[in-house]
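When we follow the numbering used here, the leftmost residue of the sequence shown carries the number 1, and every step to the right adds one. Data first, discussion second: the structure below is written as structure tokens.
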Amino acid sequence: MKAYLDHNILDLMTKGDPHNVKELLSEHRITPVFSYESLNEIYKSKGYEDSFLAVLSDIGAKYLVPVTKDNRVTGEAELQQVDVFKLYEHYLLNREDKPEYGYGLTAMLQKFYGGRKDESYNHIFEKGTDELAGLLQSSLEEFKQNPLITTEQLQLIESLPEILKAQYSTISEQMDNTGVAAVRDFESHFGVGPKTLNNIKGPNVINQIWQLLQSEFEKHGLESESLEDFFGINFRKYEANFGNEKSTVEKVNAIYHQLNFLGFHRDSKMQKTPRFNASFSDMTHAGLASFCELFFCRDNGLVHKASAAYEFLGINTKIVHFTEN
Numbered sequence: 001m002k003a004y005l006d007h008n009i010l011d012l013m014t015k016g017d018p019h020n021v022k023e024l025l026s027e028h029r030i031t032p033v034f035s036y037e038s039l040n041e042i043y044k045s046k047g048y049e050d051s052f053l054a055v056l057s058d059i060g061a062k063y064l065v066p067v068t069k070d071n072r073v074t075g076e077a078e079l080q081q082v083d084v085f086k087l088y089e090h091y092l093l094n095r096e097d098k099p100e101y102g103y104g105l106t107a108m109l110q111k112f113y114g115g116r117k118d119e120s121y122n123h124i125f126e127k128g129t130d131e132l133a134g135l136l137q138s139s140l141e142e143f144k145q146n147p148l149i150t151t152e153q154l155q156l157i158e159s160l161p162e163i164l165k166a167q168y169s170t171i172s173e174q175m176d177n178t179g180v181a182a183v184r185d186f187e188s189h190f191g192v193g194p195k196t197l198n199n200i201k202g203p204n205v206i207n208q209i210w211q212l213l214q215s216e217f218e219k220h221g222l223e224s225e226s227l228e229d230f231f232g233i234n235f236r237k238y239e240a241n242f243g244n245e246k247s248t249v250e251k252v253n254a255i256y257h258q259l260n261f262l263g264f265h266r267d268s269k270m271q272k273t274p275r276f277n278a279s280f281s282d283m284t285h286a287g288l289a290s291f292c293e294l295f296f297c298r299d300n301g302l303v304h305k306a307s308a309a310y311e312f313l314g315i316n317t318k319i320v321h322f323t324e325n
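Quick look at the structure:
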């Protein structure tokens, strides 16, 4: 039996293990599991990296690696027995900093939650497009050496940033004119937010939320899309993989993100960059934990959102919620 350990569990284990997680793992012969996202969080712990690595080494944790094929996740994963200290050294050698604006998408989402107040959507999209242009430029020589890429395709790649800038200009103008964070705008317009959603109890959390949303959409004369499309369970028509089925991890991540946006046990202070990034780490952990029978966690909001996603998707992963008491 495998148990994916959320970072907050590892954090407590570096501070005396008050929940006796090590003993629990040993007594029930449970294999502890961590992932690349765990390494990302350890990297952020500046000055305490060795403490986390020592815990993982001491409990014999195995490294979860999602299997990819042709740059697409397959929905499968493998567990690797590793020397965590050597693995972390390799991580540091190959780690690349994410662009500040996330090619426009990450910064846009942060502004949705009320962050980046001093920046317009237009500014964010311009900066994001510049980041994309830099990425494409650095890869252009490699593309030129590829005999399968035509001259026309190379020209399209080179012109892509300008094409995006033209498309973003209209979108950003509309978004800047609202003057309100997207999450607040949605809440005030439809009357759906944390106060309403946090009172919803299982079972069938996703379906209950969807029925509530459909009712509000109808009141405003809006034609509702399908539940699967609204929660991002299906690829959209404009996405490259439209027509294919998303992996379980991708589905969990999509549902988790939408629940957080709607306000279902939303992570706090999403307008702040550290909390925004931490929320996305939680989402990633929730998705990866679906490969395991157990998910050890201490974060209340993470537990609620992951539970709702697992229930709807029929995922058998059981969440072990460690509380302060």
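Where a beta carbon is used, it is the ideal one built from N, C-alpha and C, also for glycine. Computed from a predicted structure; not experimentally measured.
Nearest-angstrom Cα distance between residue i and residue j?
i: F326; j: L93; result: Nothing can be reported for residue 326: it is not among the residues displayed for the chain, which extend from 1 to 325.
i: A289; j: M283; result: 10 Å
i: E142; j: E158; result: 13 Å
i: T150; j: P99; result: 29 Å
i: L160; j: A133; result: 8 Å
i: I200; j: G314; result: 19 Å
i: Q153; j: Y168; result: 22 Å
i: G243; j: S226; result: 15 Å
i: A54; j: F296; result: 19 Å
i: Y4; j: L56; result: 12 Å
i: P147; j: L135; result: 20 Å
i: L156; j: S139; result: 14 Å
i: L294; j: Q81; result: 19 Å
i: L25; j: I163; result: 53 Å
i: H90; j: K15; result: 26 Å
i: Y256; j: N316; result: 17 Å
i: W210; j: Q137; result: 43 Å
i: E126; j: K165; result: 7 Å
Please name the residue in the options whose C-alpha comes closest to that of residue i.
i: S188; options: I171, E216, D118; result: E216
i: L197; options: L135, K305, K2; result: K305
i: Y103; options: H123, G60, F231; result: H123
i: E37; options: H7, K144, I233; result: H7
i: I59; options: K46, L79, T31; result: T31
i: Y101; options: A77, D83, L259, T129; result: T129
i: S281; options: T14, K246, F230, L39; result: L39
i: R72; options: L148, E245, F230, E131; result: E245
i: L109; options: I315, G314, F276; result: F276
i: C292; options: Y43, E23, A77, E27; result: A77
i: E311; options: Q81, V33, L302, P203; result: P203
i: E96; options: Y43, A54, Q211; result: Y43
i: E324; options: Y4, K2, N20; result: N20
i: F235; options: K127, H265, K251; result: K251
i: R184; options: N177, V205, G193; result: G193
Please check the pair residue i and residue j, which I expect to be a contact at CB under 8 Å, by giving their CB distance rounded to whole angstroms.
i: Q214; j: Y113; result: No, Q214 and Y113 are not in contact; Cβ-Cβ is about 24 Å, not under 8 Å.
i: T273; j: G115; result: 7 Å
i: A286; j: L262; result: No, A286 and L262 are not in contact; Cβ-Cβ is about 16 Å, not under 8 Å.
i: S224; j: S172; result: No, S224 and S172 are not in contact; Cβ-Cβ is about 27 Å, not under 8 Å.
i: S45; j: F52; result: 6 Å
i: L12; j: R266; result: Incorrect: roughly 24 Å between the Cβ atoms, too far for contact.
i: G232; j: Q258; result: 6 Å
Based on the DSSP secondary-structure assignment, which residues constitute the bridge partners of residue i?
i: Y4; result: V33, F295
i: S320; result: For clarity, residue 320 is Val in the given sequence; the question names Ser instead. DSSP lists F296 as partners of V320.
i: N234; result: E245
field: Segments assigned beta strand (DSSP E), at least 3 residues, entirely inside the stretch 48-84
entry: 62-69, 72-80
_Sequence ranges, alpha helix (DSSP H) only - wholly within the stretch 118-190, length at least 4_ = 121-144, 151-178, 182-190
Give, in chain order, every unbroken run of the alpha helix (DSSP H) that is at least 4 residues long and sits entirely within the stretch 90-115. 105-112
Curious, which full-length beta strand (DSSP E) runs of at least 3 residues does the stretch 258-307 contain?
294-297
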